[in-house]
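Reading through the structure tokens given below for one structure.
2 protein chains.
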Amino acid sequence: MTDIPKSHPRYESLIRRERLVEGLKDGIVVPQGLIAHGRGEMFDYILGERTTKEAKAASRAAAALLLKAKRPVISVNGNVAALCPAEIVKLSQVAKTRIEVGLFHRSDERVAKIERILVSHGAMNVLGFLPDARIPGLDSLRALCSKEGIYSADVVLIPLEDGDRAEALVRMGKQTIAIDLNPMSRTSTHSTITIVDQVTRAIPELIANVEDLKEDQRAAKVALEKYDRDENLGLVTKGMAGNLRKFLDR
Amino acid sequence: MTDIPKSHPRYESLIRRERLVEGLKDGIVVPQGLIAHGRGEMFDYILGERTTKEAKAASRAAAALLLKAKRPVISVNGNVAALCPAEIVKLSQVAKTRIEVGLFHRSDERVAKIERILVSHGAMNVLGFLPDARIPGLDSLRALCSKEGIYSADVVLIPLEDGDRAEALVRMGKQTIAIDLNPMSRTSTHSTITIVDQVTRAIPELIANVEDLKEDQRAAKVALEKYDRDENLGLVTKGMAGNLRKFLDR
Numbered sequence: 001m002t003d004i005p006k007s008h009p010r011y012e013s014l015i016r017r018e019r020l021v022e023g024l025k026d027g028i029v030v031p032q033g034l035i036a037h038g039r040g041e042m043f044d045y046i047l048g049e050r051t052t053k054e055a056k057a058a059s060r061a062a063a064a065l066l067l068k069a070k071r072p073v074i075s076v077n078g079n080v081a082a083l084c085p086a087e088i089v090k091l092s093q094v095a096k097t098r099i100e101v102g103l104f105h106r107s108d109e110r111v112a113k114i115e116r117i118l119v120s121h122g123a124m125n126v127l128g129f130l131p132d133a134r135i136p137g138l139d140s141l142r143a144l145c146s147k148e149g150i151y152s153a154d155v156v157l158i159p160l161e162d163g164d165r166a167e168a169l170v171r172m173g174k175q176t177i178a179i180d181l182n183p184m185s186r187t188s189t190h191s192t193i194t195i196v197d198q199v200t201r202a203i204p205e206l207i208a209n210v211e212d213l214k215e216d217q218r219a220a221k222v223a224l225e226k227y228d229r230d231e232n233l234g235l236v237t238k239g240m241a242g243n244l245r246k247f248l249d250r
Numbered sequence: 251m252t253d254i255p256k257s258h259p260r261y262e263s264l265i266r267r268e269r270l271v272e273g274l275k276d277g278i279v280v281p282q283g284l285i286a287h288g289r290g291e292m293f294d295y296i297l298g299e300r301t302t303k304e305a306k307a308a309s310r311a312a313a314a315l316l317l318k319a320k321r322p323v324i325s326v327n328g329n330v331a332a333l334c335p336a337e338i339v340k341l342s343q344v345a346k347t348r349i350e351v352g353l354f355h356r357s358d359e360r361v362a363k364i365e366r367i368l369v370s371h372g373a374m375n376v377l378g379f380l381p382d383a384r385i386p387g388l389d390s391l392r393a394l395c396s397k398e399g400i401y402s403a404d405v406v407l408i409p410l411e412d413g414d415r416a417e418a419l420v421r422m423g424k425q426t427i428a429i430d431l432n433p434m435s436r437t438s439t440h441s442t443i444t445i446v447d448q449v450t451r452a453i454p455e456l457i458a459n460v461e462d463l464k465e466d467q468r469a470a471k472v473a474l475e476k477y478d479r480d481e482n483l484g485l486v487t488k489g490m491a492g493n494l495r496k497f498l499d500r
């Protein structure tokens with residue numbers, strides 16, 4: 001797929017870009033997804049391109065919430081499918097969640113292609129291709145979802161989610177777990193739990209936390225109780241502002 | 251081209267995205283250009299999506315440098331051609347510069363398409379299609395340029411330029427004027443003058459400054475003398491860090 005040597009200082013970042021460009025060629029990613037990724041790249045840059053301790057705390061709380069959920073669902077869009085399909089499938093297995101393809105720029109063809117990628121990584125029974133329910137308050141195509149999946153879910157993991165859709169899910173009374181690099185986005189500030197991290201780092205971290213908390217209900221309870229979204233987002237934003245100033249002094 | 255109402259609070263930003271997505275479909279913009287635009291969007295967001303007073307000071311100095319130049323050239327890439335072709339042509343007319351198409355991901359077809367767009371907006375004799383010189387220190391395709399244009403220019407305006415190319419031009423002894431939303435990029439920190447602003451705002455501002463300073467050599471001299479790149483970039487970055495913290499308190 002690529003000629004980028006693993007020793008390249010920006011290897012991880014360049015690989016993510018290549019995966020998205022490939023995804024665009026394959027009809028999985030839309031052009032708007034590339035622009036959105038660029039915005040995320042910049043936030044990741046001033047975050048330090050690492051999983052911060054705030055992201056780790058949010059991830060532990062998120063793992064606890066997934067384990068507590070009765071009907072957890074992971075919502076997958078084009079960028080997520082292009083960036084880390086294997087990790088999404090693994091998470092759905094360890095946390096026993098459903099997977100539903102949910103697209104902002106929906107077409108049946110894109111849903112089918114994304115489903116195929118997930119299935120090729122071992123997913124079973126991916127939802128979203130034949131929607132039979134609607135998320136209230138969204139435009140026609142954006143509202144479509146599966147009754148068995150997102151519509152009746154109690155907890156939805158929404159990596160790289162659009163603000164309108166994130167808010168609409170919250171209005172439906174669902175608990176949501178966002179993965180978003182912009183700590184000030186509507187998605188970040190409206191979700192039950194927000195992990196400010198690159199999705200390719202966040203999903204493996206979440207898998208590890210689910211595995212860790214699976215047998216330890218007490219630790220899971222503590223992780224959830226200790227987590228305060230607004231305080232967490234505040235610390236993340238302060239860290240970013242601090243890093244931005246530090247770049248100055250170099 | 252679009253259904254976005256002018257009253258939409260994010261109208262300008264959405265139009266820029268649409269122009270780039272159109273440019274991608276037309277083969278002018280490459281996918282990597284969309285990711286780069288996304289990074290810029292984020293910086294613009296924390297800049298306040300406006301032309302700051304630092305950008306205004308840099309723009310005045312840039313106008314003075316263009317007016318002083320013996321062989322000024324504007325380097326145009328796919329994103330610039332998609333975002334503000336008419337403005338680029340107008341600037342080349344008021345500042346009496348050449349225009350050369352210079353691409354990071356070069357293909358003759360893309361150069362030809364970009365040339366056609368510029369000509370459709372009134373440009374005469376656009377350079378770049380038949381390169382006959384090389385910028386030392388760059389890979390084969392990236393090094394190509396025109397002897398009559400960039401190769402023999404004394405001042406080159408490089409909106410949205412890649413860091414390698416920007417540094418190579420400086421090593422050739424050229425004075426460069428960068429337009430870049432990332433005040434910490436190699437392009438920003440290596441150019442003679444750096445305007446940290448969205449290119450669609452920066453080019454009209456530069457046109458106005460060229461027109462203003464054209465008949466006033468003394469004011470032009472003062473604008474150039476007063477400008478200090480590192481101080482200017484420091485103030486911009488401080489402003490961004492401050493804005494980031496302010497978002498916190500909302």
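Heads up: the protein sequence lines correspond to chains A and B, in order. Sequential numbering of the first sequence, starting at 1, is according to our numbering. Sequential numbering of the second sequence, starting at 251, is according to our numbering. Ideal Cβ placement from N, Cα and C applies to all residues, glycine included. Here the structure is a predicted model, which means the values were calculated and not measured.
With 16 other Cβ atoms within 10 Å as the buried cut-off, status of residue i
i, result
"B/Y295", "buried"
"A/Q198", "buried"
"B/E455", "buried"
"A/H37", "buried"
"B/H258", "exposed"
"A/E231", "exposed"
"B/M374", "exposed"
"A/E211", "exposed"
"A/R218", "exposed"
"B/K476", "exposed"
"A/R10", "exposed"
"B/E417", "buried"
"B/E291", "buried"
"B/G492", "exposed"
"B/P322", "buried"
"A/D180", "buried"
"B/G378", "buried"
"B/S309", "buried"
"B/E337", "buried"
"B/K397", "exposed"
"B/E365", "buried"
"A/A112", "exposed"
"B/S441", "buried"
"B/K340", "buried"
Those residues which DSSP pairs with residue i across a bridge
i, result
"B/P381", "DSSP, once it has assigned bridges, lists no residue as partnering B/P381."
"B/T426", "B/V406"
"A/P72", "A/V155"
"A/I195", "A/I179"
"B/L394", "B/R384"
Rounded distance between the beta-carbons of residue j and residue i, thought under 8 angstroms
i, j, result
"B/R451", "B/T301", "5 angstroms"
"A/N182", "A/R16", "The Cβ separation is near 16 angstroms, so there is no contact."
"A/S75", "A/I150", "6 angstroms"
"A/S185", "A/G163", "6 angstroms"
"A/G137", "A/R106", "That pair is no contact at about 16 angstroms."
"B/E304", "B/L485", "5 angstroms"
"A/I193", "A/L65", "6 angstroms"
Residue i - containing beta strand (DSSP E), residue span
i, result
"B/E350", "348–351"
Delimiting residues of the alpha helix (DSSP H) encompassing residue i
i, result
"A/D164", "163–171"
"B/H440", "436–440"
"B/G328", "328–333"
"A/R106", "Run containing A/R106: none; DSSP gives neither H nor E here."
"B/E465", "Premise fails: B/E465 is in no alpha helix (DSSP H) and is neither H nor E."
- In the stretch 254–306 of chain B, which residue ranges form an unbroken alpha helix (DSSP H) of at least 4 residues, counting only runs that do not cross its ends? 261–275, 281–297
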